[in-house]
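Presented below is the structure to which this report refers.
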Ligand code: C5P
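Residue numbers (the working numbering): 20 to 445.
Take a look at the structure:
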């Protein structure tokens, strides 16, 4: 059977999308280092000013000369040089980089980044720079699945500065099969372009996002909760921040971010926090899974097992936060809700859109296995007040978030156009 042609990100010979962008290409010591040569060449041909930095172990696999030739810039390897200049050149380089791309990123390098160890030039430059760091892990599947590596990757993913370009499943160099193959050059290029060319469509906009699932206490130990991990909400908030918005995240899950995060627990606490911020917000995305009911009374002592087989909990309705705000929202505010449905996705989402007076609603089918709760991926349908409907197939929550902000940004643009305000913001 004929293999399908490989998809190229862009015709690099006639288009220089990364012009004026400085990319620091970090190469660590794994066999996938040979692919860094292709990557260096692609990045340069896409117009980027590429500077390669190699760890000592990377030099076991490829030579600095290969990268120097392909990037057309000197390759940096040594941390300690007798420099004629008091100010080491690589520190300036670390500061001027628009993005640091580490491909391949070995388990060792990922561990160093997670802990802040900087015992070579590359890790030192990462710490000295404030640029976004994109890492493309490449290693044996057992190394990738090792709890230490998984923990280190999770640490990096929770830091706003880092983006992990997920490795692929396949046969790795040592012959083992599984996840650990470095992402393709095409997908790394696409991720870099998305990161560097993400339009600043939300400058001067205040975006309020809720994330996670509320917990409604029953007694000092127990609560009524739900399966929401908060990942969709974090992706939404991160995407808005990347577009230049002033973001406030109200979350039931504690996360470290460059923007303010208000941590709440119950629906009532979330309502209070959202209502305080809503008036000064241009857009609210209610991603949180808010409990519809809470125990009518919370026991101050741990409820004991008693003689009876049953325990009756009396529940009372929680405020529907977005519904209340839908009634008072101004014309210049955008309200976006989520609808997690196990059946009748479009019908139910459409009726919520109308009933709650939302501008748009994102419906996701929670009966589909492997996506949604806790996963990094989702598949959704986006409905708008104007009656448009768009289905997005399975993709990363961040890609979905970007799509949502394409629509929200366009709404803002149209609103400003209607008001005769300055338009044409990039
Ligand atoms: O009606 P349903 O709970 O399915 O609606 C989901 C949307 O409403 C989500 O955006 C959710 O954040 C929001 N919601 C809310 N307050 C509630 C329940 C849901 O704002 N009490």
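From the three backbone atoms N, C-alpha and C, an ideal C-beta is built for every residue, glycine too. Computed from a prediction, not measured in an experiment: that's the story for all the values here.
- Distances from the CA of residue 272 to each of 384, 251, 262, 259 were compared; the closest alpha carbon is that of 251.
- Within the same chain, Cβ atoms closer than 8 Å to the Cβ of residue 129 are found at 154, 156, 168, 171, 172, 175, the five residues on either side in sequence being excluded.
- Taking 8 Å as the cut-off, the Cβ atoms of residue 42 and residue 69 count as close.
- Inclusion of residue 159 and residue 127 in the CB contact set at 8 Å is not warranted, their separation being larger than that value.
- A straight-line Cα-Cα distance of about 22 Å links residue 390 and residue 166.
- Of all alpha-carbon atoms in 299, 317, 62, the one lying nearest the alpha-carbon of residue 351 is that of 299.
- Where residue 358 is concerned, the enclosing beta strand (DSSP E) starts and stops at 353 to 360.
- Residue 187 and residue 67 have their C-alpha atoms some 25 Å from each other.
- Taking the Cβ of residue 434 as the reference point, every heavy atom of ligand 1 lies at 7 Å or farther away.
- Partner residues in the beta bridge of residue 267, as assigned by DSSP, are 227.
- Contact check between the segment 371 to 379 and the segment 402 to 419: three or more CB pairs, one atom from each, fall below 8 Å, which counts as touching.
- Under the DSSP assignment, residue 430 falls in the alpha helix (DSSP H) whose first and last residues are 416 to 437.
- In the DSSP annotation of this structure, residue 232 is not part of any alpha helix (DSSP H), being labelled neither H nor E.
- Only residues of its own chain outside the window of five on either side were considered, and among them 69, 89, 90, 91 have a CB closer than 8 Å to the CB of residue 63, listed in chain order.
- If you draw a straight line from the Cα of residue 356 to the Cα of residue 261, it is about 21 Å long.
- With fewer than 16 other CB atoms across the displayed protein chains lying within 10 angstroms of its CB, residue 240 is exposed.
- At a threshold of 7 Å, residue 208 does not count as near ligand 1, since its beta carbon sits no closer than that to any of the ligand's heavy atoms.
- For residue 281, same chain residues with a beta-carbon under 6 Å away, outside a window of 5 residues either side, are 269, 292 in chain order.
- Put simply, the backbone Cα of residue 97 is about 26 Å away from that of residue 183.
- As computed with DSSP, residue 153 is found in a beta bridge with 120, 182.
- Your pair residue 144 and residue 113 checks out as a contact, with CB atoms roughly 4 Å apart and the cut at 8 Å.
- Residue 361 is positioned such that its CB atom lies no closer than 8 Å to that of residue 308.
- In the DSSP assignment, residue 165 falls outside any alpha helix (DSSP H), carrying neither H nor E.
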